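The numbering of the sequence shown is numbering that gives the first Met the number 0, which starts it at 0 and goes up by one. Every residue gets a Cβ at the ideal spot worked out from N, C-alpha and C, and that includes glycine. These numbers were taken from a predicted model, which means no experiment stands behind them. The structure appears right after this line, and notes come after that.
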Amino acid sequence: MSVKNRFGRVKDTLSTPIERLERLFNSDTNKDNFAGLLFILPNIIVFSIFLFGPVLFAFYLSFTEWNVLAGEPEWVGLDNYIDILTPPPWEDGWAVLDNPTANLWWHAVIKTSTYTLGVVPLSISGGLCAALLLDRDLRNKRLFRAAYFMPVMLSGAVSAIIWRWILNQDGIVNSLLEPIGLAHNWSGDPSTALASVMLIAIWGGIGFNMIIFLAGLQNIPEELYDAARIDGTSGWQRFRHVTWPNLQNTYFFVIVLSIIGSFQVFAIAMTFAEGGPYYATTTIAVLIYQEAFQHGSMGVAAAMAFILFSIVFVFSYYQYRVRGNGEVNY
C-alpha cells in the first residue's frame with residue numbers, strides 16, 4: 000500500500016524491512032556496492048580489532064592510574080591531564096627552559112617545537128633543490144637519485160647509531176676538527192645534542208622529500224615550459240610562474256607530512272642519546288615512552304599521547320581548511 004506525501008511523491012506505508020532489503024539488492028548498483036563491502040569487510044574487522052580497539056582502550060587508560068604489573072586501572076578522571084599541563088611553562092619566568100624537571104611535558108614540547116622549526120624548512124628546501132637538479136637531463140641521474148634516497152631506506156635507529164659513531168668524542172668528525180682546535184663532544188653536550196639529532200633528520204628527510212617533489216615535477220605539462228620559453232622568460236621566471244604554482248599541492252602534502260613526522264620523532268632521539276644528556280633530546284614521543292615503559296605510568300603516558308594527537312589533528316585540520324584544494328594560479 001502506498002500514498003502520496005505532501006511533496007507528491009509515492010511513499011510506502013506498509014513496506015516491511017524484508018521487502019526493503021529485497022528492493023535494495025535488486026539494483027545492479029547496490030549489488031556492486033554490497034560486493035565491494037564484502038571485499039573490504041576483512042580489513043574493517045582487522046582495523047577495528049587491532050587498531051581502533053586499542054585506541055579506545057588507550058583513551059580509557061588516559062583517565063586512569065595504572066601500572067601493568069600492579070593490578071587493575073584506577074579511575075582518576077582528568078587528574079592525568081591536569082598533572083601533565085601544570086604548571087604552565089610561563090610560570091616562574093619560563094623556568095622550564097633552564098630546569099626541565101619543572102615540567103617535563105612542556106620541556107618536551109619546547110624541544111619538539113625547536114626540532115620541528117629546524118628540521119622541516121631545511122629538509123623541504125633541500126628536497127626541492129635536489130629534485131630540481133635531478134629533474135634535468137644529467138648523466139648518471141639515476142645514480143644520484145639512488146644516492147640521495149639511500150638514507151630513507153635506513154631505519155631511524157640505524158641512522159642514529161651511524162651518526163652517533165661519527166659525532167662521538169672519538170668519532171670521525173672530531174678526528175678532522177681536532178688539528179684546528181674545534182673538536183667537540185657533539186652527542187654528549189646538552190647544547191649540541193638536539194642539533195645533532197636535527198642533522199640526522201635533515202640528512203634522512205631530504206631524500207624522501209626529493210622523491211615526492213620529483214613526482215610533482217614530472218606531472219607538470221612540458222607545454223607550459225615551452226610556452227614560457229617562447230615568451231622569453233628566464234629560468235627563475237619559469238620556476239616562479241610555472242613550476243611553483245603547479246607544485247602547490249605537492250608542497251602542501253610535504254609540509255603537512257613533515258610537521259606531523261617531526262612531532263612524532265622517536266627512534267632517532269631515543270637511539271642517539273636516549274633523551275639526554277640532561278633531557279636535551281627528550282621529545283614528546285620519547286617522554287611518552289619513558290613514562291610508559293620506564294616509569295610504568297601507563298595512564299599518564301596515554302594522556303600525553305592523546306594531547307599529542309590533539310596537537311597534530313588541530314594542525315592538520317587547520318592546514319586542510321586554510322589550504323583546501325585551491326586551484327593553481329599562474
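Judged by beta-carbon spacing, residue 212 lies within the 8 Å limit of residue 246, meaning their Cβ atoms are closer than that value. Within its own chain, no residue has a Cβ closer than 6 Å to the Cβ of residue 198 once the five positions on either side in sequence are excluded. Under the three-state reduction of DSSP, residue 232 is assigned to coil, being neither helix nor strand. Buried is the label assigned to residue 300, since at least 16 other Cβ atoms lie within 10 Å of its Cβ. Considering only 265, 195 and 210, the residue with the shortest C-alpha distance to residue 162 is 195.
Residue 63 is bridged by DSSP to 74. Inside the region 224-293, DSSP marks no whole beta strand (DSSP E) run of 3 or more residues. Excluding sequence positions up to five before and after residue 249, its CB lies within less than 8 Å of the CB of 211, 212, 214 and 215, all in the same chain and listed in chain order.
The distance from the Cβ of residue 117 to that of residue 266 is about 18 Å, inconsistent with a contact at the 8 Å cut-off.
Looking from the CA of residue 106, the closest CA among 297, 232, 298 and 274 belongs to 274.
Counting the other Cβ atoms within 10 Å of the Cβ of residue 73 gives fewer than 16, which makes it exposed. When DSSP states are grouped into helix, strand and coil, residue 105 belongs to the helix group. Pairwise C-beta distances place the region 140-154 out of contact with the region 236-244, as fewer than three of them are shorter than 8 Å.
For residue 83, same chain residues with a beta-carbon under 8 Å away, outside a window of 5 residues either side, are 104, 299, 302, 303 and 306 in chain order. Three or more Cβ pairs closer than 8 Å define a contact, and the region 281-301 meets that threshold against the region 57-70. A straight line joining the alpha-carbon of residue 131 with that of residue 229 spans about 21 Å.
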